[in-house]
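> Following this message is one structure expressed as structure tokens.
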Amino acid sequence: MQSVVVTNLWKKFGKTPAVKGISFAAERGEILGLLGPNGAGKTTTIHMLLGLTSHDEGSISILGLDMPKNRYEVLQRVNFASAYVSLPGNLTIDESLYVYAKLYNVENPKHRAREVLAELEVDLPGRSLIGTLSAGQKTRLNICKALLNRPEVLFLDEPTASLDPDIAMKVREILKKLRKNYGTTIIYTSHYMQEVEELCDRAIFLARGSIVATGTPTEIRERSKLKSLDEVFVTIARDGELRDSNDKEER
Ligand SMILES: Nc1ncnc2c1ncn2[C@@H]1O[C@H](COP(=O)(O)OP(=O)(O)O)[C@@H](O)[C@H]1O
Ligand SMILES: [Mg+2]
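Adding 32 to a residue's 1-based position in the sequence shown gives its number in the numbering used here.
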């Protein structure tokens, strides 16, 4: 079953197109990487999927429901975390999880707030103020917050940005656990190609708003005839395409 289906999606800011007619799908339980250099259109795409940004053309179906037509119902069944969205610094971890659990209207919010940390074996000091946490702790809290409503689809925008390798590994473990235990579909962006190779079932490379490569990380690398996914990334960032590949029919 497909959790997310995107067809010919366009977005312009003024006259400048940020996303140019992209189409892709994510299967249930799949971890899909949305990759590409800065300005490629990754965040804009995720924002359109969440109904935070309107799209100009094309269609989005999430869990079989049209977005944004069924925005209310979809948003109850998905969630989002970003390295660039901060939680209120003057609340403790426990307080903030409780407040969000209430906002999401989940049953027994107090219990759920505690449960979500235990479920993912996330070790965070519940009584500490968010303002005093490290970047790694904030990131993990953000992901826990995004799980309060048991989302069927989770969107993550650079969840491991600016984390040290140890914490980034912990975040990857959380994501793997989520998929394994709950079959959560995860669409996420990252600039760390090694992480993408470890985590993603499939990846989509965007450049200047268009899809320039799709496939499993191994397929993309082999087709490109480059030595590593890092080289694929750098080539796409430099040329805006993957010239030596045979993936033209997929564009
Ligand atoms: N709110 C906005 N207003 C105008 N231009 C925007 C806005 N958001 C994004 N853009 C432009 O859209 C393009 C894609 O940006 P973005 O989706 O943030 O890329 P990425 O997340 O891949 O780095 C960029 O050229 C960016 O400047
Ligand atoms: Mg971005």
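A virtual CB, placed ideally from N, CA and C, is assigned to each residue, including glycine.
What you are looking at is a predicted structure, and each value in this text was computed from that prediction instead of being measured.
To the nearest angstrom, how far is it from the Cα of phenylalanine 187 to the Cα of lysine 257?
For phenylalanine 187 and lysine 257, the distance between alpha carbons rounds to 30 Å.
> Please determine whether the Cβ atom of phenylalanine 45 lies at a distance below 7 Å from any heavy atom of ligand 1.
Phenylalanine 45: yes, Cβ under 7 Å from ligand 1.
> Between the alpha carbons of threonine 246 and valine 36, how many angstroms are there, rounded?
If I take the Cα positions, the gap works out to 16 Å.
> Which residues mark the beginning and the end of the alpha helix (DSSP H) in which serine 290 is found?
Here the chain comprises residues numbered 33 to 283, so residue 290 is not present and cannot be evaluated.
> Reducing DSSP to helix, strand and coil, say where tyrosine 136 ends up.
Coil.
> Do we get a CB-CB distance below 8 Å when we pair arginine 109 with the residues of chain D?
In the structure shown, chain D cannot be found, because there is only a single protein chain.
> Does any heavy atom of ligand 2 sit closer than 7 Å to the C-beta of threonine 192?
No, Cβ of threonine 192 sits at least 7 Å from all heavy atoms of ligand 2.
> Indicate the three-state DSSP secondary structure (helix, strand or coil) for threonine 39 in the structure shown.
Residue state, collapsed to three classes: strand.
> Applying the criterion that 16 or more other CB atoms from any shown protein chain within 10 Å of the CB defines a buried residue, is aspartate 98 buried or exposed?
Aspartate 98 should be labelled exposed.
> Classify arginine 211 as helix, strand or coil using the three-state DSSP reduction.
Helix at arginine 211.
> Once DSSP output is grouped into helix, strand and coil, what is the label at glutamate 282?
No answer about glutamate 282 holds up, because its pLDDT of 47 lies below 50 and its placement is not dependable.
> With a cut-off of 8 Å, do at least 3 Cβ pairs link the stretch 229-248 to the stretch 65-85?
With a cut-off of 8 Å, the stretch 65-85 and the stretch 229-248 count as touching, because enough Cβ pairs lie within range.
> From Lys44, Cys176, Thr48, Leu82, pick the residue whose C-alpha is nearest to that of glutamate 205; which is it?
Of the candidates Lys44, Cys176, Thr48, Leu82, the one whose C-alpha sits nearest the C-alpha of glutamate 205 is Cys176.
> Measure the CB-CB distance between valine 203 and threonine 164 and report whether it falls below 8 Å.
Taking 8 Å as the Cβ cut-off, valine 203 and threonine 164 do not qualify as a contacting pair.
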